[in-house]
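Keeping their order, the protein sequence lines are chains A and B. Those letters in the first sequence? Residues 102 to 351, by my numbering. Those letters in the second sequence? Residues 365 to 651, by my numbering. C-beta atoms are modelled at their ideal positions from N, C-alpha and C, and glycine is treated no differently. Okay, so here's the structure we're looking at.
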Amino acid sequence: MFRTSFSNSQPTLALGKAMVQRGHKKAVWITWNYAAGEEAFEGFKLSYEAAGGTIIKTLGLPFPQVEFQALLTEIAALKPDAVACFFAGGGAAKFMQDYAAAGLKGKIPLYGSGFLTEGVIDAAGAAAEGVISTLHYSDSLETERNKSFRLAYAKTFKLQPDVYTVQGYDSALLLIAGANAVKGDFNNRKVLYDAMENAKINSPRGPWTMSKSHNPVQDFYLRQVVKGENKVIGVAAKALADPGTGCRMG
Amino acid sequence: MGLADFLIQILNSVQYGLLLFMLAAGLTLIFGIMGVVNLAHGSFYMLGAYLAYGITAKLSSFGLALAAGAVIAFAFGWLLEKGLFRFFYTRDHLDQVLLTFGLIYLFEELRSIVWGNDVHGVPIPDWLSGSMALTDTLSYPHYRLFVAGVCLLLALALWALIHRTRLGMHIRAGAFNRTMAQALGVDIERLYAIVFAMGVALAAIAGMVSAPLSSVYPNMGSQVLIMCFVVVVIGGIGSIRGAFIAAILVGTVDTFGKVLLPGVASMLVYVLMALVLLWRPQGLFKD
């Protein structure tokens with residue numbers, strides 16, 4: 102199996118160091134108590150503690166509950182330097198809104214795995230402004246490769262592409278790399294797999310390669326929401342590989 | 365936890381509890397009085413939230429949207445009762461479950477066709493968008509207080525309707541003994557339609573007032589449904605008063621559980637339900 106997207110702990114694995122570099126040494130972590138939330142936490146804990154940060158408390162609520170008020174009250178009482186989180190979809194929009202409504206926005210900076218601000222910025226409105234997150238892509242990535250990809254996609258489908266589109270596009274690129282190596286003969290497995298393992302994908306997200314555990318080794322961007330867009334403010338981690346703990350290739 | 369934080373968490377508990385009450389009130393009414401297990405109750409909550417989204421975009425007044433949405437939801441409930449639910453009063457609970465379970469999917473699909481699958485925000489009306497500072501880091505949004513106020517007002521109105529009006533008397537009589545009430549000249553069919561429509565409207569209003577707080581998104585109804593049933597079961601099926609007490613209780617347990625016992629918070633509410641059922645199998649206030 103090859104994966105062209107990301108592993109769940111990867112975005113937060115890029116987050117910890119960036120937060121410490123920005124001067125936030127004491128953080129509260131908050132997420133849903135389920136597999137994806139725990140994986141995101143593992144990445145955050147590894148990177149944040151390695152960079153010298155301290156997680157003073159981890160908060161959680163059952164997935165997919167969105168009643169955050171009690172936990173926001175707790176955050177206000179703890180007064181950390183920053184809050185890091187993993188939320189996605191409707192819950193992410195509500196979390197950012199509640200965070201702002203509780204008066205925490207502007208006092209305690211909010212960070213998160215990039216899915217916090219994917220596809221929900223419009224729904225969250227002003228509450229999302231200033232939120233910083235890490236992801237392997239941003240719609241507003243200022244590269245020629247990304248701009249031409251976005252233009253071509255918008256012309257063809259009359260839709261704006263997003264991170265999920267890019268992942269799908271890259272799957273096709275990977276398959277093409279494999280198919281070219283065997284000249285269309287998919288029974289030639291050894292050569293096919295070798296070619297896919299060693300492929301260098303020139304993706305709209307930036308070039309990436311395959312790790313030993315068949316997961317992308319890719320750059321993670323530090324993005325801040327400015328005027329309703331995930332503006333890239335830096336690279337949080339270059340060529341970051343998932344540690345692939347417990348993953349053995351057959 | 366300091367005293368100030370404790371008091372703020374109490375405020376959170378009550379506010380969450382009041383919202384739960386408004387959601388559960390409609391369910392307990394329909395369940396208790398008409399004997400219909402309505403799994404689609406969460407869909408009415410979703411309907412309300414999407415109505416708020418759809419109407420505020422057009423009317424640009426939240427108050428008007430609220431009123432219009434309540435009327436639409438009531439009419440919708442009325443039609444649903446007349447066209448569908450009244451054929452199911454005498455049927456088995458399993459048939460009702462199948463019907464309402466099917467309705468969940470139907471409503472989700474309709475929502476998808478009409479409004480799409482995106483997450484949407486509903487703006488908080490300007491006059492409620494402020495907040496008051498409670499501590500140096502925490503402030504409390506006015507809108508949350510407004511929601512609590514609306515819930516409290518509806519709770520009082522519901523109580524007055526059922527215990528202080530002729531209609532309420534009929535409702536109570538109908539719940540007690542349908543055939544006897546009918547023999548005494550109560551128009552049961554009309555009564556049931558009103559109760560059902562009221563239940564739908566209550567859920568929709570809950571959805572509308574929470575839309576600016578929670579944003580609107582697919583499947584939002586199924587998330588609240590389980591909590592609704594917990595509240596109804598703890599309070600005693602059909603008891604408005606029971607639903608009120610149970611909702612506040614559940615709100616408190618949930619709020620403090622998340623803060624004090626995060627490891628087991630997700631099951632505390634169900635532990636509470638199990639304990640209440642052990643102690644009073646009929647729920648807190650079932651006569």
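With H, G and I counted as helix, E and B as strand and the rest as coil, what does DSSP make of B:M496?
Reduced to three states, the DSSP call for B:M496 is strand.
| Under a CB-based cut-off of 8 Å, is B:H534 close to chain C? | As a matter of chain content, chain C is missing from the structure shown, whose protein chains are A and B.
Note to self: Taking the alpha-carbon of A:R246 as reference, which of A:L217, A:N303, A:T235 and A:A193 has the nearest alpha-carbon?
What the structure shows: Among A:L217, A:N303, A:T235 and A:A193, the Cα nearest to that of A:R246 is on A:N303.
Considering B:R554, what are the terminal residues of the alpha helix (DSSP H) in which it resides?
Per DSSP, B:R554 belongs to the alpha helix (DSSP H) from I552 to S578.
- Task: Please classify B:V511: does DSSP put it in a helix, a strand, or coil?
- Result: Correct three-state label for B:V511: helix.
Nearest residue (CA-CA) to B:S578, options A:D271, A:N331, A:A225 and A:S110: When each option's Cα is compared against that of B:S578, the closest is A:A225.
Review point. So which of B:Y469, B:V595 and B:H527 has the shortest CA-CA distance to B:M410?
Key: Ranking B:Y469, B:V595 and B:H527 by Cα distance to B:M410 puts B:Y469 first.
At a CB distance below 9 Å, what residues from the stretch 182 to 195 of chain A approach chain B? Give them in sequence order. Closer than 9 Å at the C-beta level to chain B, one finds these residues of the stretch 182 to 195 of chain A: G190, G191, G192, A193, A194 and K195.
Q: Note down, in chain order, every chain A residue with its Cβ under 9 Å from the Cβ of B:G513.
A: Result: empty, since nearest Cβ-Cβ is about 16 Å, beyond 9 Å.
Problem - Same chain, Cβ closer than 7 Å to B:F323, neighbours up to 5 away in sequence not counted - result: As displayed, chain B neither begins before 365 nor continues past 651, which places residue 323 of chain B out of reach and without an answer.
* Check each residue of the stretch 150 to 165 of chain A: if its Cβ is closer than 7 Å to any Cβ of chain B, include it; give the result in chain order. => Cβ contacts with chain B: L160, G161, L162, P163 and P165.
Q) So, is B:K622 buried or exposed, given that buried needs 16 or more other C-beta atoms within 10 angstroms? A) Buried: at least 16 other Cβ atoms inside 10 Å.
| Leaving out five residues before and five after B:L518 in sequence, what residues of the same chain have Cβ atoms less than 8 Å from its Cβ? | Only M386, A389, L566 and I569 meet the Cβ criterion.
Exercise. Please name the residues in the stretch 193 to 214 of chain A whose beta-carbon is closer than 8 Å to at least one beta-carbon of chain B, in chain order.
Key: Result list: A194, K195, Q198, D199, A202, A203, G204, L205, K208 and I209.
_Expected contact under 8 Å - CB spacing of B:L625 and B:L632 to nearest Å_ = Indeed they touch by this definition, with Cβ atoms about 7 Å apart.
**Report entry** B:A521 to B:F649 span [Cα, whole Å]
**Finding:** Those two C-alpha atoms are separated by around 19 Å.
Exercise for review: Compare the beta carbon distance of A:A183 and A:L217 with 8 Å and say whether it is the shorter of the two.
Suggested key: Not closer than 8 Å, so no.
Does the structure place the stretch 158 to 167 of chain A close enough to the stretch 122 to 133 of chain A that three or more beta carbon pairs sit under 8 Å? With the cut-off at 8 Å, the stretch 122 to 133 of chain A and the stretch 158 to 167 of chain A touch.
| field | Under the three-state DSSP convention, the category A:I209 falls into | value | A:I209 falls in the coil class under three-state DSSP.
| field | Status (buried if at least 16 other CB within 10 Å, exposed otherwise) for B:D456 | value | By the 10 Å Cβ count, B:D456 comes out exposed.
Subject >> CA nearest to the CA of B:L509, picked from B:T499, B:W523, B:S493 and B:R475 >> reply: Nearest C-alpha to B:L509 among B:T499, B:W523, B:S493 and B:R475: B:S493.
For this session: Answer yes or no: does any C-beta atom of chain B fall closer than 8 Å to that of A:G226?
Result: Contact of A:G226 with chain B is assigned, a C-beta pair being separated by under 8 Å.
- Query: Roughly how many whole angstroms lie between the Cα atoms of A:Q319 and A:A340?
  - Reply: Rounded to whole angstroms, A:Q319 and A:A340 show a C-alpha spacing of 4 Å.
Between B:A368 and the rest of its own chain, which residues show a CB-CB distance below 7 Å, the 5 nearest in sequence each way excluded?
If we look at B:A368 and ignore the five residues flanking it on each side, its Cβ neighbours are T499.
Task: Identity of the residues DSSP links to A:Q319 by a beta bridge - done: The partner list for A:Q319 (beta bridge, DSSP) reads A:L341.
*Supposed contact pair B:A611 and B:L384 - C-beta distance, whole angstroms, cut 8 Å*: About 4 Å separates the two Cβ atoms, so the contact holds.
B:D490 CB to nearest chain A CB: under 8 Å?
Not one chain A Cβ lies under 8 Å of B:D490.
Report task. Can you say whether A:F188 is buried or exposed, counting buried as having 16 or more other CB atoms within 10 angstroms of its CB? Result -> Counting the other CB atoms within 10 Å of its CB gives A:F188 a total of 16 or more, which places it among the buried residues.
Out of A:Y294, A:S314, A:Q268 and A:R290, which one is the CA nearest neighbour of A:P308? Nearest neighbour of A:P308 by Cα position, chosen from A:Y294, A:S314, A:Q268 and A:R290, turns out to be A:Q268.
* Is it the case that the Cβ atoms of A:A335 and A:I222 are separated by a distance below 8 Å? -> Checking the sequence, you will find Gly at residue 335 of chain A rather than Ala. Not in contact: A:G335 and A:I222 (Cβ atoms no closer than 8 Å).
| said: Is the beta carbon of A:G220 closer than 8 Å to that of A:L236? | reply: Going by C-beta atoms, A:L236 is not nearer than 8 Å to A:G220.
Can you grab the Cα-Cα spacing for the pair A:Y265 / A:D271, in whole Å? Those two C-alpha atoms are separated by around 10 Å.
*asked:* Please report whether the beta-carbon of A:E168 lies at a distance below 8 Å from any beta-carbon of chain B.
replied: For A:E168, the answer is yes, since a Cβ of chain B falls inside 8 Å of its Cβ.
Determine the DSSP secondary structure at A:F216, reduced to helix, strand or coil. Correct three-state label for A:F216: helix.
Can you have a look at B:R554 and say buried or exposed, based on whether 16 or more other CB atoms are within 10 angstroms of its CB?
Exposed.
Discussion item. Using DSSP's beta-bridge definition, name the partner residues of B:S476.
Written reply: Beta-bridge annotation (DSSP): B:S476 is not paired with any residue.
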